[in-house]
């Protein structure tokens, strides 16, 4: 049971359970092996996923999306390490009325929970990455699997009712959406300032120009 592992580790029963950071390291290594394999030997799977998700994009925009996707995979270890303190902060705020754990203990909770959810996710990826269509479907499904697993752990650890869990989930998702929106805005501003959005803007202008020409030709010939 997840609550036994988490509570046991926090209260000092360390010999019986794997170290929280050690388990997290295993999960990150497992993820790294997968992402190395798919980038090295199955890049067509990533291209298929990008093509399916962005069918309305111009070739230039699609290529930039693929580059971003590759970069996300290459730096996934860094992003994973950076996400744990943020997730711990979210859970600490969401459960402000249940001061069972302090922030450091929420770090432990999220290390264990994120690691287990990651191992489940990567295992599903390993089973499906040979099939681009199936892999694309799984990449969507795992989002719900991860949310469901987090809900399961939090319900067990904090002894929540279904109603309490639902309220906490809504609060968490709202907080997450606000923070992610702020990050996206900041990132977009930085891209504009650095000139990184120039290619996207030019591609969008070209797309609109082609649409205008095509529309004019159709009107002229009709």
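Numbering (this note's numbering), first residue to last: 106 to 327. For each residue, glycine too, the CB sits at the ideal point set by N, CA and C.
Comparing C-alpha positions only, which one of the options sits nearest to residue i?
i: residue 182; options: 226, 130 and 263; result: 130
i: residue 264; options: 252, 222 and 205; result: 205
i: residue 275; options: 137, 256, 194 and 109; result: 256
i: residue 187; options: 133, 232, 203 and 207; result: 133
i: residue 272; options: 233, 199 and 116; result: 199
i: residue 194; options: 208, 184 and 185; result: 208
i: residue 223; options: 189, 211 and 288; result: 189
i: residue 116; options: 210, 246, 248 and 289; result: 210
i: residue 137; options: 250, 289 and 184; result: 184
i: residue 107; options: 269, 221 and 288; result: 221
For residue i and residue j, which I take to be in contact (beta-carbon distance under 8 Å), what is that distance rounded to the nearest angstrom?
i: residue 139; j: residue 254; result: About 18 Å; that fails the 8 Å criterion.
i: residue 219; j: residue 192; result: 7 Å
i: residue 213; j: residue 114; result: 6 Å
i: residue 233; j: residue 250; result: Wrong, their Cβ atoms sit about 13 Å apart, outside the cutoff.
For residue i, does the count of other Cβ atoms within 10 angstroms reach 16, so buried, or fall short, so exposed?
i: residue 295; result: exposed
i: residue 215; result: buried
i: residue 235; result: exposed
i: residue 146; result: exposed
i: residue 109; result: exposed
i: residue 124; result: exposed
i: residue 291; result: exposed
i: residue 277; result: buried
Whole angstroms are fine: how far does the CA of residue j sit from the CA of residue i?
i: residue 112; j: residue 262; result: 8 Å
i: residue 201; j: residue 293; result: 32 Å
i: residue 244; j: residue 135; result: 17 Å
i: residue 228; j: residue 143; result: 13 Å
i: residue 259; j: residue 196; result: 9 Å
i: residue 203; j: residue 298; result: 43 Å
i: residue 252; j: residue 217; result: 14 Å
i: residue 128; j: residue 247; result: 20 Å
i: residue 267; j: residue 285; result: 26 Å
i: residue 289; j: residue 141; result: 27 Å
i: residue 269; j: residue 126; result: 29 Å
The region 281 to 295 in contact with the region 228 to 246 per 3-pair CB rule at 8 Å
The region 281 to 295 vs the region 228 to 246: no contact.
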